[in-house]
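2 protein chains.
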Amino acid sequence: MGEFELIRNYFAAAPCAQPGEGVALGIGDDCALLSVPAGEQLAVSTDTLVAGVHFPDACDPFLLGQRALGVSASDLAAMGAKPLAFTLALTLPEVSAAWLEAFARGLNLMAQGCSLRLIGGDTTRGPLSITVTVFGTVPAGMALTRAGARPGDLLCVGGALGDGGGALPLVLNQRSSEASTTQALLARYWSPQPQLALGQALRGNATSALDISDGLLADCGHIALASGVRLLIERDRIPMSDALLGFFGRDEGLNAALSGGDDYVLAFTLPPSRLDSLTSAGLPVSVIGQVVAGQGVVLLDDLGQDVTPLTRGYQHFRETR
Amino acid sequence: MGEFELIRNYFAAAPCAQPGEGVALGIGDDCALLSVPAGEQLAVSTDTLVAGVHFPDACDPFLLGQRALGVSASDLAAMGAKPLAFTLALTLPEVSAAWLEAFARGLNLMAQGCSLRLIGGDTTRGPLSITVTVFGTVPAGMALTRAGARPGDLLCVGGALGDGGGALPLVLNQRSSEASTTQALLARYWSPQPQLALGQALRGNATSALDISDGLLADCGHIALASGVRLLIERDRIPMSDALLGFFGRDEGLNAALSGGDDYVLAFTLPPSRLDSLTSAGLPVSVIGQVVAGQGVVLLDDLGQDVTPLTRGYQHFRETR
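If you're matching them up, the sequences are chains A and B in order.
The opening residue of the first sequence carries number 225 in the working numbering; numbering runs sequentially from there.
The opening residue of the second sequence carries number 225 in the working numbering; numbering runs sequentially from there.
Here it is, written out as structure tokens:
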């Protein structure tokens, strides 16, 4: 048995790879088999992380395992899907037992936190990269898409923005600060917390949704385009964490929140009548603006002046696109 | 819009990415949505091909596009699944319009031949690699697995073996021959033909099945292990193509058939009573041996002597495992 076959067996023995509801056949045959309940659709999303492009080559494999699955699970949250399973395609330059053990531990922790079961994949030799495909279920016709926002809807987000993007200089060791602030930002980057409960609660309530991976302005642009509407964002209502404000100050913090990316917080639109039931259920819903007729995304200051930045670019770790 | 976003739009416009049965939502949102008919299960398989490991860096992108999807679709055939959709995670060192156009053309040809729709994926910058995840449907409980072969069953394959593995020295430009033979072998390597119709016809007939990717002996070993049986293979019944025999001669050709891999032909076990209905339906079924009590795989010559090679290794293109 070759070492790569040993790795396959290693993952097959992981706690997250054990049989469970919805998984009729797991790792070990030509295909896995999923059972999708009658009346439900299957939501599918694929993300690739490449060493040196999406994460530093020398990063902690435990954190990498967490992040690789977390960013994909966030796509399920954005559709209002209930997590079911995932596949892992892992390409490794060499086999290191310590690296694998730590990576699998991080992956497993995120998988169990998200109720995702590992059902298969592929392990190959080559430059380090990770492709995760996640599967979730959603009642037919109830998935949250980017199209559906209507004039009159509120624009909302599911929590503080900017921490993920703000953590980038820390991830790259370009800046440092006192430990507690640093740790809070790094945790948001390395251990994204997919808003799965919020996404499922938004079914039948939100008119559109996505997860913020490219920065608020860029991602709101996706909703505006898909829905054929204009989104007005009130700058002073954008929620930011104490860690972000403490580390960067207000202006630079706001820049991270608007354009930083990597937050994996949901952005969504709601008819105003739906707001109270969600907030009274204790769900994290922050109103940051509204939907009007037109197109594009406009940022407004407290006087209602257009203060939209000219560049809305986002920068993932060294990614060029 | 960055060049990688342009690539995503490029694939979204491909013929194989257009809407169709079973695809409730395709490319462009956080997740795609699949509709799985009531009473059916979803078969899922993921394969990664890495440049310099699974294929030469400088290979024809048209052929690579065909092969990348074909080898994954073969896993659906092995389960008896009906093809539905696939995702493509493509990592590219640079954006070349000519490369992409040819790759997409090959991918599209295979996708349309297999009735597979592109529903999503990811395009990233990095060392060239391709991860394809395929989806198919199969009536619940009817999927063909590796476990289920019983003593008394016949061992069969779906066609000539050895061409794919025999093509390797040609792929690597280590050998050449007259054009027609060369072309036949290279075509088997670069354009695997997943036995989808055969796989679906085997539902309810075969007791076990897989596709031969690692060589007949190694893959029969997987059936023997999963089913808890011994497989006897009659050497002189192994089908081989004229191209393989013409290029390699009988001994070396047999070696490619036994251990060469990359054939993507089905191997399966059947109760003898099921054979006639399959062959009379015109399906390619070649009996090459039988299932007995015990374990492991044994190769027998025409006198019934054990001539099992000591090494059953297979070699994919430069892969070490």
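Ideal Cβ positions, reconstructed from N, Cα and C, are used throughout, including at glycine.
Remember, predicted model here, so these are calculated numbers, not experimental data.
message: Please give the ranges of any beta strand (DSSP E) in the region 375 to 399 of chain B, keeping only runs that are unbroken, at least 3 residues long and fully inside the region.
response: Fully enclosed beta strand (DSSP E) runs of 3 or longer: 378 to 381.
- prompt: Leaving out five residues before and five after A:S437 in sequence, what residues of the same chain have Cβ atoms less than 8 Å from its Cβ?
  reply: Position 213 of the first sequence, counted from the first residue, corresponds to residue 437 of chain A. Answer for A:S437: V295, S298, D443, G485, D486, D487 and Y488, listed in chain order.
message: Mapping the DSSP letters down to three states, classify A:P317 as helix, strand or coil.
response: If you number the first sequence from 1, residue 317 of chain A lands on position 93. The three-state reading of DSSP puts A:P317 in coil, since its state is none of H, G, I, E or B.
query: So what does B:P307 bridge to, in DSSP terms?
result: Position 83 of the second sequence holds residue 307 of chain B. In the DSSP assignment, B:P307 forms a beta bridge with B:G360.
- prompt: So, helix, strand or coil for B:Q529, using DSSP?
  reply: One-based indexing of the second sequence puts residue 529 of chain B at position 305. It is coil, neither helix nor strand.
task: Give me the Cα-Cα distance between B:C283 and B:L331, rounded to the nearest whole angstrom.
output: Position 59 of the second sequence holds residue 283 of chain B. Position 107 of the second sequence holds residue 331 of chain B. Note on geometry: alpha-carbon atoms of B:C283 and B:L331 lie some 14 Å from one another.
- prompt: Would you say the region 316 to 329 of chain A touches the region 229 to 236 of chain A, given that touching needs at least three Cβ pairs under 8 Å?
  reply: Touching, per the Cβ criterion.
- prompt: Applying the criterion that 16 or more other CB atoms from any shown protein chain within 10 Å of the CB defines a buried residue, is B:L534 buried or exposed?
  reply: The sequence position of residue 534 of chain B within the second sequence is 310, counting from 1. Exposed is the call here.
Burial state of B:T544, where buried means 16 or more other Cβ atoms lie within 10 Å: Numbered from 1 along the second sequence, position 320 holds the residue referred to as residue 544 of chain B. Any reading at B:T544 must be qualified, since the residue scores a pLDDT of 35, below 50, and its modelled position is unreliable; the value itself is stated next. Burial call: exposed.
field: chain B contact residues for A:S353, given Cβ-Cβ distances below 7 Å
entry: Taking the first residue of the first sequence as position 1, residue 353 of chain A is located at position 129. When 7 Å is used as the limit between beta carbons, A:S353 is near these residues of chain B: T315, G350 and S353, in chain order.
Contact under 7 Å by Cβ, B:M464 with B:A384: Your numbering for residue 464 of chain B matches position 240 in the second sequence. Your numbering for residue 384 of chain B matches position 160 in the second sequence. Their beta carbons are under 7 Å apart, which means B:M464 touches B:A384 by this criterion.
message: Give me the residue from A:S497, A:N479, A:A322 and A:E245 with the minimum Cα distance to A:L361.
response: Taking the first residue of the first sequence as 1, we reach residue 361 of chain A at position 137. The sequence given here places Thr at residue 361 of chain A; Leu does not occur at that position. For the set A:S497, A:N479, A:A322 and A:E245, the Cα lying nearest the Cα of A:T361 is the one of A:E245.
message: Is the beta carbon of A:D254 closer than 7 Å to that of B:L422?
response: Within the second sequence, numbered from 1, the residue matching residue 422 of chain B stands at position 198. Within the first sequence, numbered from 1, the residue matching residue 254 of chain A stands at position 30. A:D254 sits away from B:L422, with the two beta carbons spaced by 7 Å or more.
query: So with Cβ pairs under 7 Å, would you call A:D181 a contact of chain B?
result: Outside the shown range of chain A (225 to 545) lies residue 181 of chain A, about which nothing can therefore be said.
- prompt: Would you say A:R545 faces chain B, with C-beta separation under 7 Å as the test?
  reply: Taking the first residue of the first sequence as position 1, residue 545 of chain A is located at position 321. With a pLDDT of 33 at A:R545, under the threshold of 50, the modelled position of this residue cannot be trusted; read the value that follows with caution. Nearest CB-CB separation between A:R545 and chain B: below the 7 Å threshold.
field: Residues near B:S326 in its chain [Cβ-Cβ closer than 8 Å; skip 5 each side]
entry: As a first step, residue 326 of chain B must be located in the second sequence, where it is residue number 102. The amino acid occupying residue 326 of chain B in the given sequence is Ala; Ser does not appear at that position. Within the same chain, D284, P285, F286 and G289 come within 8 Å of B:A326 by CB-CB distance, once the 5 residues on both sides are set aside.
query: If we ignore side chains and look at the alpha-carbon of each, how far apart do B:L449 and A:A505 end up?
result: Along the second sequence, one-based indexing puts residue 449 of chain B at 225. Along the first sequence, one-based indexing puts residue 505 of chain A at 281. About 52 Å.
task: Indicate whether the contact test is met: 3 or more Cβ pairs, each with one atom in the region 363 to 377 of chain A and one in the region 336 to 351 of chain A, closer than 8 Å.
output: Flag = no, the region 363 to 377 of chain A and the region 336 to 351 of chain A do not touch.
message: At the level of alpha carbons, what is the spacing between B:V522 and B:P393?
response: As a position in the second sequence, residue 522 of chain B is number 298, starting the count at 1. As a position in the second sequence, residue 393 of chain B is number 169, starting the count at 1. Inter-residue distance for B:V522 and B:P393 is about 27 Å (C-alpha atoms, whole angstroms).
- prompt: Opposite B:T270 in the DSSP bridges: which residues?
  reply: Taking the second sequence and counting its residues from 1, the one referred to as residue 270 of chain B is at position 46. In DSSP, B:T270 forms a bridge with B:T357.
- request: Reducing DSSP to helix, strand and coil, say where A:Q514 ends up.
  value: For this step, residue 514 of chain A is matched to residue 290 along the first sequence. In this structure, A:Q514 counts as strand in the three-state DSSP scheme.
Under 8 Å (Cβ pairs) to chain A, residues found in the region 234 to 258 of chain B: Legend: CB atoms of the region 234 to 258 of chain B lying less than 8 Å from CB atoms of chain A belong to residues A248, L249, G252, D253, D254, C255, A256, L257 and L258.
- request: Compare the Cα-Cα distances from A:T355 to each of A:Q419, A:S415, A:G263 and A:H278 and report the closest residue.
  value: To locate residue 355 of chain A, count along the first sequence from 1; it is residue 131. Considering only A:Q419, A:S415, A:G263 and A:H278, the residue with the shortest C-alpha distance to A:T355 is A:H278.
message: Which residues in chain B have a C-beta closer than 9 Å to the C-beta of A:M366? List them in chain order.
response: Translated into the one-based positions of the first sequence, residue 366 of chain A becomes position 142. In chain order: nothing, as chain B lies at least about 10 Å away.
Proximal residues to A:P239 (C-beta, below 6 Å), its chain only, five neighbours per side dropped: On the first sequence, residue 239 of chain A is found 15 positions in, with the first residue counted as 1. Taking A:P239 as the centre and dropping the five residues before and after it, the same chain places the C-beta of N332 closer than 6 Å to its C-beta, in chain order.
- request: Determine, using beta carbons only, whether A:L342 and A:A241 come nearer to each other than 7 Å.
  value: Here residue 342 of chain A is taken as the residue at index 118 of the first sequence, counted from 1. Here residue 241 of chain A is taken as the residue at index 17 of the first sequence, counted from 1. Against a cut-off of 7 Å, the Cβ pair of A:A241 and A:L342 comes out as a contact.
Neighbour flag for A:S269 against chain B, beta carbons, 7 Å: Looking up residue 269 of chain A in the first sequence gives position 45. At least one chain B Cβ lies under 7 Å of A:S269.
message: Run through chain A and tell me which residues come within less than 8 Å of B:M334, C-beta to C-beta.
response: Taking the first residue of the second sequence as position 1, residue 334 of chain B is located at position 110. For B:M334, there are no neighbours in chain A by C-beta distance under 8 Å, as the nearest C-beta there is about 18 Å away.
message: I'd like to know whether the C-beta atoms of B:T357 and B:T270 end up nearer to each other than 7 Å.
response: For the purposes of this step, residue 357 of chain B is taken as the residue at position 133 of the second sequence. For the purposes of this step, residue 270 of chain B is taken as the residue at position 46 of the second sequence. Yes, these two residues count as a Cβ contact at 7 Å.
query: Taking any Cβ of chain A, which residues in the region 277 to 294 of chain B have a Cβ under 9 Å from it, in chain order?
result: Closer than 9 Å at the C-beta level to chain A, one finds these residues of the region 277 to 294 of chain B: V277 and H278.
- prompt: Using a C-beta to C-beta distance shorter than 9 Å, which residues of chain B count as neighbours of A:Q265?
  reply: Reading the first sequence from its first residue, position 41 is the one you call residue 265 of chain A. Listed along chain B are A248, L249, L257, L258, S259 and V260, each with a C-beta nearer than 9 Å to that of A:Q265.
query: When the distance is taken between beta carbons, is A:L456 closer than 7 Å to A:L368?
result: Taking the first sequence and counting its residues from 1, one reaches residue 368 of chain A at position 144. Taking the first sequence and counting its residues from 1, one reaches residue 456 of chain A at position 232. It is not a contact, given that the beta carbons lie outside the stated cut-off.
message: Do A:T431 and A:T503 count as a contact pair if the criterion is CB distance below 7 Å?
response: As a working mapping, residue 503 of chain A is identified with position 279 in the first sequence. As a working mapping, residue 431 of chain A is identified with position 207 in the first sequence. No.
- prompt: Can you find a C-beta in chain A that's less than 7 Å from the C-beta of B:L434?
  reply: Here residue 434 of chain B refers to the residue found at position 210 of the second sequence. B:L434 counts as touching chain A.
message: Which of the three DSSP states is assigned to B:A295 in this structure?
response: As a position in the second sequence, residue 295 of chain B is number 71, starting the count at 1. The sequence given here has Val at residue 295 of chain B, not Ala. Helix at B:V295.
field: Those residues which DSSP pairs with A:I457 across a bridge
entry: For the purposes of this step, residue 457 of chain A is identified with residue 233 of the first sequence, where counting begins at 1. DSSP output for A:I457 lists A:G513 and A:L523 as bridge partner(s).
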